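So the sequences go chain by chain: A and B. Quick note: to get the numbering used here, add 5 to the position in the first sequence (first position is 1). Quick note: to get the numbering used here, add 5 to the position in the second sequence (first position is 1). Yeah, the Cβ is synthetic: ideal placement off N, Cα and C, and Gly gets one too. This one's a predicted model, so the numbers in the text were calculated from it and none came from an experiment.
Number of protein chains: 2
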Amino acid sequence: MSVTVVSSLGRMGRWEPDARGRLQQAAMQLFLEHGYERTTTADIAARAGLSERTYFRHFPDKREVLFDATHLLERLVVEAVAAAPAGAAPLDALSAGLRAGGEMLDGRRDHALARATVLASHGELRERELAKMSGLVAASAAALVARGVAEAPALLTAEAGVAAFRVAFDRWVAEAASPPLPDVVDTVLAELRIVVAPA
Amino acid sequence: MSVTVVSSLGRMGRWEPDARGRLQQAAMQLFLEHGYERTTTADIAARAGLSERTYFRHFPDKREVLFDATHLLERLVVEAVAAAPAGAAPLDALSAGLRAGGEMLDGRRDHALARATVLASHGELRERELAKMSGLVAASAAALVARGVAEAPALLTAEAGVAAFRVAFDRWVAEAASPPLPDVVDTVLAELRIVVAPA
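Here is the structure:
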């Protein structure tokens with residue numbers, strides 16, 4: 006069953022789906038086939054070959070099945086910011102974090118593309134995505150403050166860095182033959198440094 | 006009636022409320038007194054001394070009464086970006102726009118503070134606010150493209166500039182004795198230029 010799910014979404018690269026992953030893939034298939042509104046959590050569980058009770062052990066509601074990678078992204082970014090060299094400038098430390106997050110997403114590109122299609126179809130999901138990105142800004146700023154960066158520059162660095170990450174992500178989704186996401190993140194951060202160059 | 010409304014929210018500065026403004030102030034009072042959930046559009050209309058039909062001539066639903074200034078902000082930013090000197094760098098043109106928007110909000114500070122309190126109380130409203138800010142990014146980028154800026158730098162400039170604007174806005178809301186919002190916008194943009202300085 007899980008093999009069928011995987012192949013119908015195309016190659017999944019390094020991402021080996023467990024129950025949680027199977028629920029995410031089943032949800033994605035159903036959202037794409039029938040639309041987000043017309044899919045229920047019971048449908049998702051059935052498609053994944055699991056019980057609805059199992060669904061709710063993993064996700065609190067129908068919407069959250071789409072935002073699992075966002076939590077992982079946040080954790081990866083925060084960890085890599087903490088691990089950046091002691092002398093790194095704030096945006097360089099954050100850049101290491103965003104590259105790490107980008108690497109994870111790059112490993113599940115097919116899922117990311119399908120997810121972008123579902124989100125584009127539904128305003129409520131796009132609003133939730135923006136809220137999650139706002140959570141990533143807060144987490145990134147906190148990770149910088151933990152490195153000794155003052156609050157005001159930490160928040161600004163996080164806002165600018167995450168904005169660049171979102172631009173990179175959209176570009177990576179839009180281009181079929183895109184370079185890997187971490188490289189696009191680097192490119193966009195370099196562009197950001199140019200457009201925001203000191204007056 | 007409208008005088009009572011005005012004085013109960015404190016001085017409203019240059020902002021002379023018409024029917025639309027009275028509805029906004031009535032909504033704000035009721036949201037603060039009874040909470041957003043427990044207030045109806047009928048309550049708002051009654052408090053403003055107007056019919057519910059009049060309410061719906063101005064706003065499509067209960068939520069939008071809180072987002073009127075956001076549309077005005079977008080228009081002011083776009084107009085000022087278009088009017089910036091021909092040779093201005095993209096971020097300088099946008100900065101002129103954000104200052105113009107900041108000036109408008111600064112003229113209705115009491116309303117902006119009350120609104121920030123209501124939004125903070127309700128996740129759905131915060132998500133809508135983020136969506137509106139994302140609309141401001143798109144409108145700002147389009148205004149820069151109309152000046153001849155290429156799409157990629159226009160989008161990045163808009164993302165970074167609007168992020169700085171949000172940081173400035175939050176700072177202005179948080180500090181009782183804050184300088185005027187346009188000045189805070191300038192300060193934050195200068196800080197942004199420092200944290201994003203070329204490597």
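Neighbour flag for residue i against chain B, beta carbons, 7 angstroms
i         : result
PRO158(A) : yes
THR45(A)  : no
SER13(A)  : Confidence at SER13(A) is low in this model, with a pLDDT of 42, below 50, so its placement is unreliable and no value can be given for it.
THR162(A) : yes
VAL189(A) : no
Contacts of residue i in chain B (Cβ-Cβ under 9 angstroms)
i         : result
ALA101(A) : By Cβ distance, chain B contributes nothing, its closest Cβ being about 13 angstroms from ALA101(A), past 9 angstroms.
LEU96(A)  : VAL200, VAL201, ALA202 and ALA204
ARG131(A) : ALA136 and SER139
Beta carbon proximity, residue i to chain A, threshold 7 angstroms
i         : result
VAL201(B) : yes
ALA32(B)  : no
VAL172(B) : yes
VAL10(B)  : With a pLDDT of only 42 at VAL10(B), under the threshold of 50, the placement of this residue in the model should not be trusted, and no figure is reported.
Interface partners of residue i on chain B, CB under 7 angstroms
i         : result
SER139(A) : LEU135
Identity of the residue in the options nearest residue i by Cα
i         : options                                       : result
ARG171(A) : ARG131(A), ASP48(A) and TYR41(A)              : ARG131(A)
VAL193(A) : PRO184(B), ALA169(B), ALA173(B) and GLU156(B) : GLU156(B)
ARG133(A) : ALA148(A), ALA85(A), ARG68(A) and ASP48(A)    : ARG68(A)
ALA74(A)  : VAL201(A), ALA94(A), LEU118(A) and ASP188(A)  : LEU118(A)
VAL154(B) : PRO95(B), ARG80(B) and SER183(B)              : PRO95(B)
MET109(A) : ILE199(A), ARG198(A), VAL190(A) and GLU196(A) : VAL190(A)
ALA148(B) : ALA32(B), THR46(B) and ALA163(B)              : ALA163(B)
ALA53(A)  : PHE64(A), ARG27(A), LEU35(A) and ALA169(A)    : ARG27(A)
ARG114(B) : THR44(B), GLY40(B) and ALA181(B)              : ALA181(B)
GLY107(B) : LEU186(B), ALA93(B), ALA24(B) and ARG152(B)   : LEU186(B)
Beta-carbon neighbours of residue i, restricted to chain A and to distances below 7 angstroms
i         : result
ALA168(B) : GLU164, ALA165 and ALA168
Neighbour list for residue i in chain A, Cβ cutoff strictly below 8 angstroms
i         : result
VAL193(B) : LEU161
Residues that residue i contacts on chain B, provided the C-beta gap is smaller than 8 angstroms
i         : result
LEU197(A) : LEU161, ALA165 and VAL201
Where the alpha helix (DSSP H) through residue i begins and ends
i        : result
PHE36(A) : 24–39
ASP48(B) : 46–52
PHE61(A) : 57–63
Residue i beta carbon near the ligand MG (any heavy atom closer than 6 angstroms)
i        : result
VAL83(B) : Among the ligands in the structure shown, none appear at all, so the ligand MG cannot be discussed.
TODO: Tell me the start and end of each unbroken alpha helix (DSSP H) in the stretch 77–143 of chain B that is at least 4 residues and wholly inside, in chain order.
DONE: Counting only runs of 4 or more, we get 95–111 and 114–125.
- [ ] Mind listing, in chain order, the continuous alpha helix (DSSP H) runs of no fewer than 4 residues lying wholly within the stretch 160–199 of chain B?
- [x] none
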